[in-house]
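In the UniProt record's numbering, the protein residues as written are 1 to 311.
Please read the structure below before turning to the comments.
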Amino acid sequence: MVETALTRTARALDLVPFVIEHPGISVEDLAREFSVSSKQMLADLSMIFMCGLPGYSTLELIDLSYEDGYVSIIDPQVLTKPRSLSKSEIVSLMLSLESLASLRDAQDPLFIAIRGLQQKLQATIALPLTEIPVVIRSEARSSHLPMIENAIKSGSGLRITYISASSDQKSERVILPESIFSENGFIYLRAWCYLTQSSRTFRLDRIRQATPISIGEMQKSEVATPISQDNFVARLHINKSARHFFEQNAALCTLESDDDSGLTISVQLRDSEWLIRSLLGYGAQIQVLGPQELRETLARRALTALALYKN
């Protein structure tokens, strides 16, 4: 992807103060820090060498050295400090930090570190922490979060008891946690599920029990029980006006396409009843692309409901 001039300029403005703090850094390490190639970094350094204050003589240009593969700033002109964050950037950071803090106990070292960082950011803008609107449902919190985080760090597995959002049924699963994220006020865990032999998303407040397991137990679980034949994948086309269906059930859905006509998604379920009840409330806003059996069942239910109104 071709970089814009704005992106390259922003990187150049950050490069000079960074090198001042890290004199003698190699071109390779500097390129790694800024996520660019060594060739691109040499081009940036060459460009910076030609930048400076009006007058543009040797007295006004930025002076640096990098010919030997190590970068040093001789004269930075006025670029001695990192760029300041804008107010909107600071508010975005504070919102993200508040979201993280809301998941922690007040005695948690991470909570204390987050609050300290928030106070530093708060000092730059006139916005008290109490005025930051962050919505994390209290029921979304989970006592299993520390155990899950430890499993992610150590690369170990967990045996969990989970209440499915689609069928409201309890199941025992062996999972390998991968990452944690928040969405719509709930906290989710993305993990490899040995029961389904695929990557799955679990809502933390629906995990009833969690127990660390050994590598031996995980290896046994690799020969998992195949998914029940009752499982099926429904494909839906959603009009833009019903996009919130996908957003509210993102943990169950896989997005296939998103264009001007709407969204095409797939939903994998063990029980079609929940999906049928949900789709009946959307009418023509959501179209079932397959399977045919689901289309027919949904049509029969809709006709039955209409007949009740006629009677």
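Yeah, the Cβ is synthetic: ideal placement off N, Cα and C, and Gly gets one too.
Only a predicted model underlies this, so the values are computations on that prediction, with no experimental measurement involved.
So, for R104: in the same chain, excluding its five sequence neighbours on each side, which residues have a beta-carbon less than 8 Å away from its beta-carbon?
L110, F111 and I114, listed in sequence order.
Strictly by DSSP, which residues pair up with K170?
Answer is I163.
Simplified DSSP state of S182, which is helix, strand or coil:
In the three-state DSSP reduction, S182 falls in the strand class (E or B).
Around the Cβ of V267, are there at least 16 other Cβ atoms within 10 angstroms (buried) or fewer (exposed)?
Buried is the call here.
Does the beta-carbon distance from T211 to R173 come in below 8 Å?
R173 sits away from T211, with the two beta carbons spaced by 8 Å or more.
Name the two residues that bound the continuous alpha helix (DSSP H) containing Y56.
It is not in any alpha helix (DSSP H) - Y56 carries neither H nor E in the DSSP assignment.
Identify the continuous alpha helix (DSSP H) that holds F246 and give its terminal residues.
F246 -> alpha helix (DSSP H) spans R243 to Q248.
Starting from Q197, trace the alpha helix (DSSP H) in both directions and tell me its first and last residue.
Following the DSSP letters along the chain, one finds Q197 in no alpha helix (DSSP H), marked with neither H nor E.
Tell me the rounded alpha-carbon separation between L298 and D14.
The alpha-carbon atoms of L298 and D14 are separated by roughly 58 Å.
Secondary structure of T124, DSSP reduced to three states:
Correct three-state label for T124: coil.
My output table needs one value for T264: the three-state DSSP class, helix, strand or coil.
Looking at T264 - three-state DSSP - the assignment turns out to be strand.
What residues are listed by DSSP as bridge partners for A234?
In DSSP, A234 forms a bridge with V267.
Which residues in the same chain as C51 place their Cβ atom closer than 6 Å to its Cβ, once the five residues preceding and following it in sequence are excluded?
The beta carbon of C51 sits closer than 6 Å to the beta carbons of I62 from its chain, once the five residues preceding and following it are set aside; these are given in chain order.
Can you give me the Cβ contacts of P226 inside the same chain, cut-off strictly under 6 Å, excluding the 5 residues immediately before and after it?
Any answer about P226 is weak, because its pLDDT of 46 lies below 50 and its placement is not dependable; what the coordinates show is given next. Once the five neighbours on either side are set aside, P226 has no close Cβ partner at all.
For T4, does the three-state DSSP call read helix, strand or coil?
It is coil, neither helix nor strand.
Does the beta-carbon distance from R200 to I163 come in below 8 Å?
No, the pair does not count as a contact, with Cβ atoms beyond the cut-off.
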